[in-house]
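Reading through the structure tokens given below for one structure.
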Amino acid sequence: MRVVIVTESFPPDVNGVAHCALQTARHLVDRGHAPVVVAPAPAPGHKPDAFAPCPVVHVPSLPLPGYPQVRVALPSRRLAATLVEHRADMVHLASPFVLGVRGMAAAARLGIPAVAVYQTDLAGYARTYMGAGEAAAWRRIRSVHGAADLTLAPSSAALRDLETHGVPRVELWPRGVDTERFRPDRRDEALRRELAPNGELIVGYVGRLAPEKQVELLAGVCALDGVRVVIVGDGPSRPGLEQALPGAVFLGRRTGDDLARVFASFDVFAHTGPFETFCQTVQEAMASGLPVVAPAAGGPLDLVAHGHTGLLVPPHDADAVRDAVRSLAADPGLRAAFGAAGRATVEGRTWAAVGDRLIGHYTKVLAGRRTAVAA
252 MRVVIVTESF PPDVNGVAHC ALQTARHLVD RGHAPVVVAP APAPGHKPDA
302 FAPCPVVHVP SLPLPGYPQV RVALPSRRLA ATLVEHRADM VHLASPFVLG
352 VRGMAAAARL GIPAVAVYQT DLAGYARTYM GAGEAAAWRR IRSVHGAADL
402 TLAPSSAALR DLETHGVPRV ELWPRGVDTE RFRPDRRDEA LRRELAPNGE
452 LIVGYVGRLA PEKQVELLAG VCALDGVRVV IVGDGPSRPG LEQALPGAVF
502 LGRRTGDDLA RVFASFDVFA HTGPFETFCQ TVQEAMASGL PVVAPAAGGP
552 LDLVAHGHTG LLVPPHDADA VRDAVRSLAA DPGLRAAFGA AGRATVEGRT
602 WAAVGDRLIG HYTKVLAGRR TAVAA
């Protein structure tokens, strides 16, 4: 199968869309298919991922105003030309918003089937950044995803949102996790002594530092006796968070085995963002054997079994986050039980298994197109 993956983000970017697009390309190559990636060009001075498993076509891009870590694709003939030159059987649209919209239009003009992967809560972002615009965001989502042969939602909450807002032909496709990289035995006692020299309980957050993540909700956790908050990631909110979270350690961006070592060296993982369509870092924390505290909204509802692998708390509630962490800090046995149960839960969620499900979705779409033509 010849697949063009049109993605709004790709390594060296570090985010869920980029990571999922990379894993999708890798799996397609592993299964003998022929993918090509089309993505916005990285920022000047940032080298593209040397480990990309397939050709990557970069289109010109500019930084998003106010959030320069995000690149926005400019109009380019390279996208349509790639679909033609690659003789694509399928177009995979990863979180279509700007480049993906053009990819959908090009696929429609050329009569190529398209599968759209919903990954970003644009409506939630509209509320966060503009205080309005949610209805307009859903109109754009319906327009793009409604034109696709199939939309894949990463969680049951995302699937319900899409169907409620009139998006047709939606099915569930979750995310995989690298259980070989993220595992409990990567715990590093030397790192723990560096992060918490007085033997504090380490509560970690991993992710973008941006307004929609609401990392400031960890302020109450910072005030708990015997607790050290460690923040991994970067973004426009970092300067403000360094003021809002006194005593927290900011490690910046970490990737690969280094990130896995940091994950496994936490005692508790706390996620605060209420707009996650999936939340890959929660899955990576579970693979690392950590109990999880997360908001009872979006993707974490599928991932965290309350009272079994972690604790779900009301969104936007700093006191609830603090109280959940406090209860876990007071009970080492509960932390261990939650962590072991979380690891067991994700052991079958490999990228290979999830990737095979994706290929199954492609196959059904192609079969449906052939049936429609024959009719």
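If you use the numbering used here, the sequence shown corresponds to residues 252 to 626, in order.
The beta-carbon is built from N, C-alpha and C at its ideal position, and this holds for glycine as well.
Own chain, CB closer than 7 Å to residue i, minus 5 neighbours either side, in chain order
i    : result
R443 : I453, S516
V597 : V428, T430, Q534, M537, A538
Beta-carbon gap between residue i and residue j smaller than 9 Å
i    : j    : result
R586 : P542 : yes
S312 : A292 : yes
V421 : Y369 : yes
A545 : V576 : no
G403 : H557 : First, the residue type needs correcting, since residue 403 is Leu and not Gly in the sequence shown. For L403 and H557, no; Cβs fall outside 9 Å.
A461 : P490 : no
A409 : M355 : no
V654 : I392 : Any property of residue 654 remains undetermined from this structure, which presents the chain solely from 252 to 626.
G351 : E463 : no
L361 : L334 : yes
V466 : G524 : yes
R322 : A345 : no
R639 : H343 : Lying before the first or after the last residue shown, residue 639 is absent from the chain, which here runs from 252 to 626.
F529 : D553 : yes
A358 : A339 : yes
H396 : P316 : no
F520 : G455 : yes
P326 : R353 : yes
V572 : V457 : no
P364 : V616 : yes
G477 : E440 : no
Residue i, enclosing alpha helix (DSSP H) - first and last residue
i    : result
I392 : 385 to 397
L330 : 329 to 336
V675 : Not covered by the structure: residue 675. The range shown for the chain is 252 to 626.
T275 : 267 to 281
Boundaries of the beta strand (DSSP E) in which residue i is found, first to last residue
i    : result
P551 : Run containing P551: none in the beta strand (DSSP E); it sits in the alpha helix (DSSP H), 551 to 554.
H559 : Looking at the DSSP string, H559 is not in any beta strand (DSSP E), and its letter there is neither H nor E.
S312 : 312 to 315
M341 : 341 to 345
P291 : 285 to 291
L401 : 401 to 404
Contacting residues, own chain, Cβ-Cβ under 8 Å from residue i (five flanking each side not counted)
i    : result
A276 : I256, P286, V288, A303, P304, C305
A547 : H557, L563, V564, P565, P566
P435 : A515, S539, G540, G590, R594
S407 : L423, L552, D553
Close Cβ partners of residue i (< 6 Å) along its chain, the five nearest in sequence each way excluded
i    : result
G375 : F526
H559 : A592
R437 : A511, R512, A515
R505 : V483, V513
V308 : V289, R329, T333
R600 : G427, V428
A324 : P291, V310, S312, V349, L350
A272 : I256, T258, F261, A345
T371 : S346
**Residue ranges of each beta strand (DSSP E) within the region 491 to 522, 3 or longer** = 500 to 503, 519 to 521
**Asked** Pairing CB atoms from the region 504 to 520 with CB atoms from the region 529 to 541, are three or more of them under 8 Å?
**Response** Segments in contact, yes.
**Request:** Ignoring anything shorter than 4 residues or poking outside the region 446 to 479, list the alpha helix (DSSP H) runs there in chain order.
**Result:** 470 to 473
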